[in-house]
Amino acid sequence: MTDAAPRNGGDLSPTDRVDRLEPPAEPIDLVVDTDTYNEVDDQFAVVHALRSEHTVEALYAAPFDNKRSEGPADGMAKSYEEIERVLDCLGESRQVFRGAERYMDGTDDPVESPAVADLIERAHADRNGPLYVVAIGAATNVVSAIATDPSIREEMVVVWLGGTPHGWHTAAEFNLSQDVPAARGLFDSGVPLVHVPTVNVAEHVRTTLPELRGLFGDANGAGGGDGDGNGSIGQFLVERVAGYEGAGERAWSKVIWDLAATAVLATPGAVESVRVPSPILTDGETWSRDPARHDVRVVRRVDRDAVFCDLVASLDGRD
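Printed below as a string of structure tokens:
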């Protein structure tokens, strides 16, 4: 068992990287990389991003492999279809690209896909500021793009949900463990990175079916069918959660993990974070530390109520 070699990749100066790690002060351009069909939380995050003040330029389908797919390629294809369903419910249109059909075999083994090609081109496009990448699945597409064209590190900021807090006894978690080389490559790359851990951070962003039915049903009126697709998306989200495994059990709640990632940009006041040296992801899926490494920002706390209030307000048609 060996540690990944620490690197300080990227040509950004430490000062520029620190500046990039601060929450944006004005609307920004972003893309969302999502394994949308993996369970039922990505759909909420996609809606949150699309209805934020920011401009979502494109969405990328990420691979996943669990009992809801027959393998990474099938998971990616199902995610692509689910993205289209979310857009249809919202009555919106965006460019959607298929991502990797397999995971990376190593940090220098990029997986070609339309999503990777688009991310490279889009990162280099002329814009006022960096392109933000909200990645809420395995990091395969994002790190494949970086491995293919390392210069895009200077043009992007990545917000990635996955893994655990850096002091936790294991780094293992679904998004990270699906593609360990990609996760390692992300932390090693030097790209400006905001890390959103799952344990004790994103896992606090929970909801229940009674709450969702109150928020998106006729009683409250949030997303209540005003002709622009809001009612449709509200019912879609409720139905997705209602159909999830365990939803009928007494006192059941569901973590909406990925809302913690979109909150970094859409609801920054609800997120507490600090800058730390980028951790090293070992072969055993544990964290190691080197204080000489480049900085990343890690989220320590998310105000669950504030995030859900912002989501509902966005569907209610805030100014």
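Using the numbering used here, you'd call the opening residue of the sequence shown number 717 and step up by one each time. Ideal Cβ positions, reconstructed from N, Cα and C, are used throughout, including at glycine.
**OP:** Grab the span of the alpha helix (DSSP H) containing F813 for me, first residue to last.
**Re:** Looking up residue 813 in the sequence shown gives position 97. Not the alpha helix (DSSP H): F813 falls in the beta strand (DSSP E), residues 811-814.
Original post:
Hey, does H840 have any beta-carbon neighbour from chain B nearer than 8 angstroms?
Top reply: Reference to chain B is not applicable here, since this structure consists of a single protein chain.
Subject >> Selection from T823, Q759, F780 that minimises the alpha carbon distance to E889 >> reply: On the sequence shown, position 173 is the one that residue 889 refers to. It is F780.
Original post:
Grouping DSSP H, G and I as helix and E and B as strand, with all else coil, what is H911?
Top reply: For this step, residue 911 is matched to residue 195 along the sequence shown. Note: H911 maps to strand in three-state DSSP.
Original post:
So, is S768 buried or exposed, given that buried needs 16 or more other C-beta atoms within 10 angstroms?
Top reply: Your numbering for residue 768 matches position 52 in the sequence shown. Buried is the call here.
Original post:
Helix, strand or coil: how does DSSP classify D749 here?
Top reply: For this step, residue 749 is matched to residue 33 along the sequence shown. Note: D749 maps to strand in three-state DSSP.
**OP:** For my contact list, A863 and P830 are in at a C-beta cut-off of 8 angstroms; report their separation, rounded to the angstrom.
**Re:** What you label residue 863 is simply residue 147 of the sequence shown in a count that begins at 1. What you label residue 830 is simply residue 114 of the sequence shown in a count that begins at 1. Not quite, the Cβ-Cβ distance comes to about 16 angstroms (not below 8 angstroms), so this is no contact.
Subject >> Nearest to S795 (by Cα), restricted to the options A778, E927, G933, S893 >> reply: Position 79 of the sequence shown holds residue 795. When only C-alpha atoms are compared, the closest one is A778.
**OP:** Please state whether DSSP places D944 in a helix, a strand or coil.
**Re:** Against the sequence shown, residue 944 aligns to sequence position 228. Because D944 sits at a pLDDT of 40, beneath the cut-off of 50, its placement in the model cannot be relied upon, and the following sentence gives the value as read from the coordinates. Three-state result, D944: coil.
Original post:
Of all the options L909, G878, H882, which has the alpha carbon lying nearest to the alpha carbon of L728?
Top reply: Taking the first residue of the sequence shown as position 1, residue 728 is located at position 12. The option with the nearest alpha carbon to L728 is L909.
**OP:** Determine the closest residue to F975 out of V763, A839, G985, with distance taken between C-alpha atoms.
**Re:** For the purposes of this step, residue 975 is taken as residue 259 along the sequence shown, with counting starting at 1. It should be pointed out that residue 975 corresponds to Leu in this sequence rather than to Phe. If we check each option's Cα against that of L975, V763 comes out closest.
Subject >> Whole beta strand (DSSP E) elements within the stretch 919-998, 3-residue minimum >> reply: 987-993
Original post:
With burial defined as no fewer than 16 other Cβ atoms inside 10 Å of the residue's Cβ, what is the status of P984: buried or exposed?
Top reply: For this step, residue 984 is matched to residue 268 along the sequence shown. So P984 counts as exposed.
Original post:
T1002 by DSSP, collapsed to three states: which one?
Top reply: The count along the sequence shown starts at 1 and reaches residue 1002 at position 286. In this structure, T1002 counts as coil in the three-state DSSP scheme.
Subject >> Where V827 sits in the DSSP three-state scheme >> reply: Translated into the one-based positions of the sequence shown, residue 827 becomes position 111. V827: coil per DSSP, three-state reduction.
**OP:** Return the bridge partner residues of V756 from the DSSP annotation.
**Re:** Residue mapping note: residue 756 aligns to position 40 of the sequence shown, counting from 1. Partner(s): none; V756 has no beta bridge.
Subject >> First and last residue of the uninterrupted beta strand (DSSP E) at E773 >> reply: By 1-based counting over the sequence shown, the position of residue 773 is 57. E773 -> beta strand (DSSP E) spans 771-777.
Subject >> Own chain, CB closer than 8 angstroms to R736, minus 5 neighbours either side, in chain order >> reply: Along the sequence shown, one-based indexing puts residue 736 at 20. Same-chain partners within the cutoff: L728, P846, V873, P908.
Subject >> Nearest-angstrom Cβ-Cβ length linking Y1023 and V921, presumed shorter than 8 angstroms >> reply: Residue numbering aside, residue 1023 sits at position 307 when the sequence shown is read from its first letter. Residue numbering aside, residue 921 sits at position 205 when the sequence shown is read from its first letter. Residue identity differs from the one stated: residue 1023 is Val in this sequence, not Tyr. Confirmed, about 6 angstroms.
Original post:
Ordered along the chain, which non-local residues of its own chain (more than five positions away) have a Cβ less than 7 angstroms from that of A887?
Top reply: Looking up residue 887 in the sequence shown gives position 171. So the qualifying residues of the chain are G879, T880, L997, E1001, T1002, W1003.
**OP:** Give the range of the alpha helix (DSSP H) segment to which D1011 is assigned.
**Re:** For the purposes of this step, residue 1011 is identified with residue 295 of the sequence shown, where counting begins at 1. Segment 1011-1018 is the beta strand (DSSP E) holding D1011; no alpha helix (DSSP H) there.
Original post:
How many Å lie between A977 and A967 at the Cα?
Top reply: As a first step, residue 977 must be located in the sequence shown, where it is residue number 261. As a first step, residue 967 must be located in the sequence shown, where it is residue number 251. A straight line joining the alpha-carbon of A977 with that of A967 spans about 26 angstroms.
Original post:
According to DSSP, which residues form a beta bridge with Y848?
Top reply: The residue labelled residue 848 in the question sits at position 132 within the sequence shown. In the DSSP output, where bridge partners are listed per residue, Y848 has L746, V873.
Original post:
Roughly how many whole angstroms lie between the Cα atoms of I836 and R810?
Top reply: On the sequence shown, residue 836 is found 120 positions in, with the first residue counted as 1. On the sequence shown, residue 810 is found 94 positions in, with the first residue counted as 1. Rounded to the nearest angstrom, the two C-alpha atoms are 18 angstroms apart.
Original post:
Around the Cβ of F916, are there at least 16 other Cβ atoms within 10 angstroms (buried) or fewer (exposed)?
Top reply: By 1-based counting over the sequence shown, the position of residue 916 is 200. It is worth fixing the name first, because residue 916 is Asn in this sequence and not Phe. By the 10 Å Cβ count, N916 comes out exposed.
Subject >> Backbone secondary structure at H882 - three-state DSSP >> reply: By one-based count along the sequence shown, residue 882 stands at place 166. In the structure shown, H882 sits in coil (DSSP, three-state: anything other than H, G, I, E or B).
Original post:
Using a Cβ-Cβ cut-off of 7 angstroms (strictly less than) and excluding sequence neighbours within five positions of D834, which residues of its own chain qualify?
Top reply: Working through the sequence shown from its first residue, we reach residue 834 at position 118. A774, F813, listed in sequence order.
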